[in-house]
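Take a look at the structure below.
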Amino acid sequence: MRIGLIAPPWLTVPPLGYGGTEAVVDNLARGLHDAGHEVCLYTVGTSTCPVPRRAHYPRPVEPMSEGSYEAAHVLAAYEALRGVDLIHDHTTLGPLIAKQRGLTAVPVLTTLHLPLRPEIRSILAAAEVDTAAISHAQARAAAPLPITGVVHHGIDLDTYRYGPGGGGYLLFMGRMSPDKGVHRAIEVARRAGRRLVIVSRIQEAGERAYYREVVQPLLGPDDEPPEAGTIAERIELLRHADALLNPIDWPEPFGLVMAEALACGTPVLAFPNGAAPEIVDDGRTGYLCADEDELVAAVARVADLDRRSCRRAAELRFSAGRMTADYLRLYSRLLHPARLGPTARVHPGIAEVASRQLTG
Numbered sequence: 003m004r005i006g007l008i009a010p011p012w013l014t015v016p017p018l019g020y021g022g023t024e025a026v027v028d029n030l031a032r033g034l035h036d037a038g039h040e041v042c043l044y045t046v047g048t049s050t051c052p053v054p055r056r057a058h059y060p061r062p063v064e065p066m067s068e069g070s071y072e073a074a075h076v077l078a079a080y081e082a083l084r085g086v087d088l089i090h091d092h093t094t095l096g097p098l099i100a101k102q103r104g105l106t107a108v109p110v111l112t113t114l115h116l117p118l119r120p121e122i123r124s125i126l127a128a129a130e131v132d133t134a135a136i137s138h139a140q141a142r143a144a145a146p147l148p149i150t151g152v153v154h155h156g157i158d159l160d161t162y163r164y165g166p167g168g169g170g171y172l173l174f175m176g177r178m179s180p181d182k183g184v185h186r187a188i189e190v191a192r193r194a195g196r197r198l199v200i201v202s203r204i205q206e207a208g209e210r211a212y213y214r215e216v217v218q219p220l221l222g223p224d225d226e227p228p229e230a231g232t233i234a235e236r237i238e239l240l241r242h243a244d245a246l247l248n249p250i251d252w253p254e255p256f257g258l259v260m261a262e263a264l265a266c267g268t269p270v271l272a273f274p275n276g277a278a279p280e281i282v283d284d285g286r287t288g289y290l291c292a293d294e295d296e297l298v299a300a301v302a303r304v305a306d307l308d309r310r311s312c313r314r315a316a317e318l319r320f321s322a323g324r325m326t327a328d329y330l331r332l333y334s335r336l337l338h339p340a341r342l343g344p345t346a347r348v349h350p351g352i353a354e355v356a357s358r359q360l361t362g
């Protein structure tokens with residue numbers, strides 16, 4: 003197949019630091035190329051993903067989520083990708099703009115990376131585009147919007163290598179944002195009498211305010227300030243952490259850091275919200291806890307978990323190869339709908355059945 007991938011214009015592919023969507027697009031582009039398909043990635047000029055690339059902007063644009071920048075990016079992308087067999091769009095506005103401008107001569111699939119805010123729902127409904135959810139929880143939350151299939155994210159297991167743990171610390175890794183729960187992680191670690199390492203970016207105004215007003219007052223004189231770190235540094239922290247604390251109290255669509263932790267052999271302690279139950283096997287690869295009291299108690303039981311089981315779960319369910327194969331099956335469904343009967347799109351209520359079919 004000749005496949006066009008469109009990444010958002012906010013970060014490079016792969017990302018130099020934080021960037022879950024861009025990491026997923028990078029893994030998918032490499033996987034499709036390795037599988038023998040012709041891939042053209044529309045991204046920004048400073049991206050380094052080793053597939054043929056095109057760009058409108060020479061470098062990532064700011065501020066992130068500025069609609070006019072994304073609109074110009076996707077208009078140029080759909081024009082540049084004329085001649086491919088299928089377009090897989092990872093932007094928000096792309097499918098709607100392409101439909102309005104009559105640029106969708108080939109099948110278009112969009113992956114729903116963002117939470118389903120009202121404006122996102124409106125865009126998807128107006129675009130009438132085939133949509134992949136990144137978890138069954140997200141697919142259920144999308145109702146009544148139809149979901150074409152469910153594909154869990156996949157990571158590069160050669161990069162996120164198994165680690166022995168034994169570092170003597172708990173790890174928080176995520177944006178400096180209230181919904182990510184940095185303040186809860188600090189409280190849990192303190193009550194459990196454990197050292198907490200915080201890996202987080204503090205870049206946008208809201209992130210700086212949250213850190214200054216909420217997080218910083220919770221840090222003691224011996225606590226290390228948060229650092230973003232390089233990808234290599236973050237992986238080493240994951241490999242040696244005793245557990246990942248992920249106390250997010252909202253229905254996160256996936257949670258890539260949880261899969262990355264498992265790949266490094268590190269168990270995950272989280273609330274059972276969003277996609278967490280699809281990633282963490284309670285009592286085997288981590289603990290899903292109802293509240294902070296249960297998180298504190300779970301810290302004491304982390305040593306009971308087998309780090310090799312965490313790695314095996316990642317190998318079976320969250321590899322880049324599995325993700326690529328799932329998307330290729332989904333592409334085939336869009337390119338050959340007659341083979342599927344009269345209905346090519348799947349309602350969220352049966353998205354889980356569709357996903358099982360896609361994965362074999």
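The numbers in the sequence shown follow the working numbering, run straight up by one, and end at 362. Ideal Cβ placement from N, Cα and C applies to all residues, glycine included.
S321 is bridged by DSSP to I157. Its Cα nearest to that of G195, the residue A187 stands out among G176, A187, L7. Comparing alpha-carbon positions, the option among E40, I157, A79, S137 lying closest to P52 turns out to be E40. Between A230 and G22, the CB-CB gap reaches or exceeds 8 Å. In this structure, L240 lies near G165, with their beta-carbon atoms less than 8 Å apart. Comparing C-alpha distances from A144 to each of A127, A25, D251, G156 shows the shortest one belongs to A127.
Counting only runs of 4+ residues, the alpha helix (DSSP H) found wholly inside the segment 225-261 occupies 233-242, in chain order. In this structure, the straight-line span from the alpha carbon of H185 to that of T50 is close to 35 Å. The residue from I89, H338, L337, L332 with its alpha-carbon nearest to that of I136 is L332. For T23, the enclosing alpha helix (DSSP H) stretches over residues 22-36. Contact annotation: L271 and G285 have beta-carbon atoms that are not nearer than 8 Å.
In the DSSP annotation of this structure, the continuous segment of the beta strand (DSSP E) that includes R4 starts and ends at 4-8. Non-local beta-carbon contacts of L95 in its own chain, meaning distances under 8 Å to residues more than five positions away in sequence, involve G69, E72, A73, V76, I125 in chain order. In this chain, the beta strand (DSSP E) harbouring A134 covers 132-135. DSSP places D295 inside the alpha helix (DSSP H), whose first and last residues are 294-301. In this model, P120 and L114 are separated by some 14 Å (Cα to Cα). Judged by DSSP secondary structure, E40 falls within the beta strand (DSSP E) whose first and last residues are 40-45. Looking from the CA of L43, the closest CA among P11, M66, V63 belongs to P11. The way I'd put it, the segment 262-276 does touch the segment 161-178; three or more beta-carbon pairs between them come closer than 8 Å. Rounded to whole angstroms, the Cβ separation of A139 and P253 is 6 Å, and the two are in contact under 8 Å. Between the segment 152-161 and the segment 288-304, the count of Cβ pairs shorter than 8 Å is below three; the stretches do not touch. Taking all protein chains shown into account, A107 has fewer than 16 neighbouring C-beta atoms within 10 Å of its C-beta and is therefore exposed. By the Cβ-count criterion, P60 is exposed, with fewer than 16 other Cβ atoms from all chains shown falling within 10 Å of its own Cβ. C-alpha of V153 to C-alpha of I89: approximately 16 Å in a straight line.
Along the segment 52-117, the beta strand (DSSP E) occurs as fully enclosed runs of 3 or more residues at 55-57, 88-91, 110-113, listed in sequence order.
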